[in-house]
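First to last, the protein sequences are chains A and B.
Under this note's numbering, the first residue of the first sequence is numbered 10, with each subsequent residue one higher.
Under this note's numbering, the first residue of the second sequence is numbered 615, with each subsequent residue one higher.
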Amino acid sequence: MTETFDIPAEKPWSGIVKKGQTIRIEDTYGQQAIDTLFYRADDFGERYSSQDTLRAQGTAYITTGSKLMSSEGRVMLTVTADTSGRHDTSAGCCSCESNTVRFGHETLYQHACRENFIMELSRHGMTKRDIAANINFFMNVPISANGAMTVDDGISAPGDHVELVAEMDVLCVISNCPQINNPCNGFDPTPIRVLIKD
Amino acid sequence: MHVHRTPEQIAADRQRYEEHQRIGLEFSPATLPTPTPRPAPEVEPGEILASETVPGGWYTTLRLSPGEILRVAPRGAGSAVALAAWSAADTSERMNLPDTVKLQWTTELKKGRVIFSDMGRVMLSIVEDSSGAHDALTGGSTAATVQQYDDPKLRNTRDNMVLAAAKLGLGRGDIPPLFNLFAPVRVQAEGQFEWRGGMLTEGDWVELRAEMDLLIAISNCPHPLDPRAGEVPDAVDLMRIKATPVPDDDLCRTATAEAVRGFENNAKMEGQRHD
């Protein structure tokens with residue numbers, strides 16, 4: 010059985026992926042950053058940890074074969090397919106407040122991923138405190154040997170997708186990124202699709 | 615049906631971003647100062663508010679008031695000093711390293727850089743730094759990373775942080791991604807992490823200035839990517855130093871447009887508190 014969820018541009022979504030199921034996250038129009046968090050379904054205190062994931066795999070980006078580690082050192086999901094090639098997990102999600110620092114105080118009143126996360130997490134009894142460092146699927150953030158880091162044009166084409174198999178029951182929380190001040194969404198946020206397959 | 619933005623809107627936003635990007639990337643690393651010399655200078659006894667020596671493998675917690683300086687000085691080799699920070703006034707505001715590296719267009723946090731909270735405000739300024747050898751990407755040791763060393767007494771940073779957070783009234787879910795001082799982790803061309811041990815020298819030290827009332831947790835364990843990760847490191851000396859007036863041309867407050875806007879956000883918060 011496959012469940013399909015169409016997520017409009019700029020909106021949040023959440024759903025349970027049971028152990029053994031596969032979640033496919035599809036960048037329907039291309040060049041769309043999809044900010045994603047994972048929590049253990051029966052204990053939200055255990056959640057995706059970007060630093061543990063990167064250190065354990067020894068490389069700075071998420072792609073096929075990456076094992077997404079929890080804050081308690083367990084594998085939550087494994088990336089089994091990736092038609093795009095490289096995903097960021099070091100640059101976090103946009104917020105109204107960080108936008109003012111990045112792009113000027115006039116951007117304070119623009120929708121942002123952290124607004125989406127706060128609203129979606131509130132449906133599960135969580136708060137801003139529970140927003141861990143997320144994965145940015147389809148966001149292209151190269152890090153140079155001298156430390157330089159920049160959000161570059163997305164490299165994903167329409168229909169590109171990642172697939173992850175759940176190694177435990179997880180809650181997946183997504184913000185379909187509304188950012189228009191940098192190229193992570195091609196300056197034009199678009200709808201995405203999520204499939205959960207047995 | 616999805617309605618796209620117009621080509622004119624997209625072009626205007628792209629032009630604005632590329633200007634931010636050009637300034638942000640060209641700045642680094644050209645205009646930052648050279649590292650602070652070793653050894654750290656003596657501090658007048660009257661300026662020292664508190665001193666503490668954290669044994670290898672252990673942790674501590676402390677409070678800092680705005681303007682106070684925290685000096686961190688490992689006594690020997692093998693210490694990666696992991697640090698977490700929360701706003702004392704509202705612990706839901708906490709250190710946010712993803713924002714910190716993104717806002718400053720660099721993962722190299724060294725003298726002249728600042729540490730941002732999740733609310734777009736500056737929590738800490740890196741005012742002195744002899745090495746520039748720090749890590750914002752790979753976190754600390756965990757029960758899993760020390761298991762391979764066959765020493766059941768070996769302590770780890772994750773457990774230390776859970777304990778430290780508890781003593782500040784916080785839970786494991788409050789622990790943000792950690793800033794590792796004296797952990798020279800760098801990213802190679804294909805994305806692999808590299809431990810550049812040569813960046814560290816005996817006598818290295820760092821001073822961080824608090825930019826708001828802070829709760830701090832510190833863990834003194836080896837970094838898991840350090841070849842010495844199975845050893846108990848030397849102790850780390852911590853010193854809390856009195857605040858002194860910050861000049862208008864202070865490096866950390868003026869170095870980048872992003873830092874300037876961050877401090878403007880701090881000033882806005884201060885105004886709200888005092889009005």
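The beta carbon of each residue, even a glycine, is placed where N, CA and C say it ideally should be.
No experiment lies behind these values; they were computed from the predicted model shown.
| Asked | Found |
| --- | --- |
| Residue-chain proximity (aspartate 713 (chain B), chain A), Cβ-Cβ < 7 angstroms | yes |
| The region 669-681 of chain B contacting the region 847-857 of chain B, beta-carbon criterion three pairs below 8 angstroms | yes |
| Same chain, Cβ closer than 8 angstroms to proline 841 (chain B), neighbours up to 5 away in sequence not counted | Trp809, Gly811 |
| Inter-residue spacing [alpha-carbon to alpha-carbon] between histidine 170 (chain A) and glutamate 124 (chain A) | 25 angstroms |
| Inter-residue spacing [alpha-carbon to alpha-carbon] between glycine 826 (chain B) and leucine 738 (chain B) | The sequence given here places methionine at residue 826 (chain B); glycine does not occur at that position. Going by the C-alpha atoms only, they are around 8 angstroms apart. |
| Three-state secondary structure assigned by DSSP to serine 59 (chain A) | helix |
| Chain-ordered residues of the region 26-53 of chain A with a beta carbon less than 7 angstroms from chain B | none |
| For alanine 687 (chain B), the nearest candidate out of B:Leu829, B:Ala881, B:Leu814 (CA to CA) | B:Leu814 |
| CB of arginine 708 (chain B) within 7 angstroms of CB of proline 790 (chain B), strictly | yes |
| Candidates A:Pro167, A:Thr13, A:Ser131, A:Thr45: closest to glycine 101 (chain A) by CA position | A:Thr45 |
| Reference isoleucine 183 (chain A), options A:Met10, A:Lys20, A:Arg138, closest by Cα | A:Lys20 |
| Residues of its chain near threonine 705 (chain B), where Cβ-Cβ distance is below 8 angstroms and the 5 sequence neighbours each way are ignored | Leu782, Gly783, Leu784, Asp788, Leu829 |
| Lysine 76 (chain A): first and last residue of the uninterrupted beta strand (DSSP E) it sits in | 76-78 |
| With 16 other Cβ atoms within 10 Å as the buried cut-off, status of lysine 724 (chain B) | buried |
| 3 or more residues per run - each beta strand (DSSP E) lying fully within the region 659-697 of chain B | 662-668, 673-678, 683-688 |
| Chain B contact residues for serine 23 (chain A), given Cβ-Cβ distances below 7 angstroms | None at all; the shortest Cβ gap to chain B is about 17 angstroms. |
| Host alpha helix (DSSP H) of serine 107 (chain A) (start-end) | 105-112 |
| Straight-line gap, alanine 626 (chain B) to arginine 636 (chain B) (C-alpha atoms, nearest Å) | 16 angstroms |
| Within 7 angstroms, strictly: CB atoms of aspartate 15 (chain A) and phenylalanine 147 (chain A) | no |
| Span separating the alpha-carbon of arginine 579 (chain B) from that of leucine 839 (chain B) | Residue numbering for chain B in the displayed model covers 615 to 889; residue 579 (chain B) lies beyond these limits and cannot be assessed. |
| Leucine 768 (chain B) vs valine 760 (chain B) beta-carbon contact at 7 angstroms | yes |
| Beta strand (DSSP E) segments (min. 3 residues) lying fully within the region 700-771 of chain B | 728-730, 736-743 |
| Own chain partners of isoleucine 127 (chain A) with C-beta closer than 7 angstroms, once the 5 adjacent residues on each side are dropped | Lys137 |
| Inter-residue CB distance, isoleucine 144 (chain A) and isoleucine 201 (chain A) (contact presumed, cutoff 8 angstroms) | That belief does not hold up - the Cβ atoms of isoleucine 144 (chain A) and isoleucine 201 (chain A) are roughly 14 angstroms apart, past 8 angstroms. |
| Interface partners of proline 166 (chain A) on chain B, CB under 7 angstroms | Here residue 166 (chain A) is alanine; the residue named in the question, proline, does not match the sequence. None at all; the shortest Cβ gap to chain B is about 17 angstroms. |
| Which listed residue (A:Gln188, A:Ile34, A:Gln60) has its alpha carbon closest to that of alanine 141 (chain A) | A:Gln60 |
| Cβ neighbours of methionine 135 (chain A) in the same chain (closer than 7 angstroms, five flanking residues each side left out) | Phe53 |
| At least 3 beta-carbon pairs within less than 8 angstroms: the region 616-631 of chain B vs the region 71-82 of chain A | no |
| Residues that isoleucine 624 (chain B) contacts on chain A, provided the C-beta gap is smaller than 8 angstroms | Gly195, Phe196, Asp197 |
| Continuous alpha helix (DSSP H) stretch holding arginine 628 (chain B): start and end | 621-641 |
| Endpoints, beta strand (DSSP E) assigned at isoleucine 127 (chain A) | Element bounds for isoleucine 127 (chain A): not the beta strand (DSSP E) but the alpha helix (DSSP H), 122-131. |
| Separation of threonine 645 (chain B) from alanine 881 (chain B), as counted between CA atoms | 25 angstroms |
| Serine 107 (chain A): contacting residues in chain B (beta-carbon distance under 7 angstroms) | Asp713, Leu717, Gly734 |
| Three-state secondary structure assigned by DSSP to phenylalanine 877 (chain B) | helix |
| Close-in-space but distant-in-sequence residues of the same chain around histidine 120 (chain A) (CB under 7 angstroms, 5 per side omitted) | Glu19, Pro187 |
| Three-way DSSP call (helix, strand, coil) for glycine 24 (chain A) in this model | strand |
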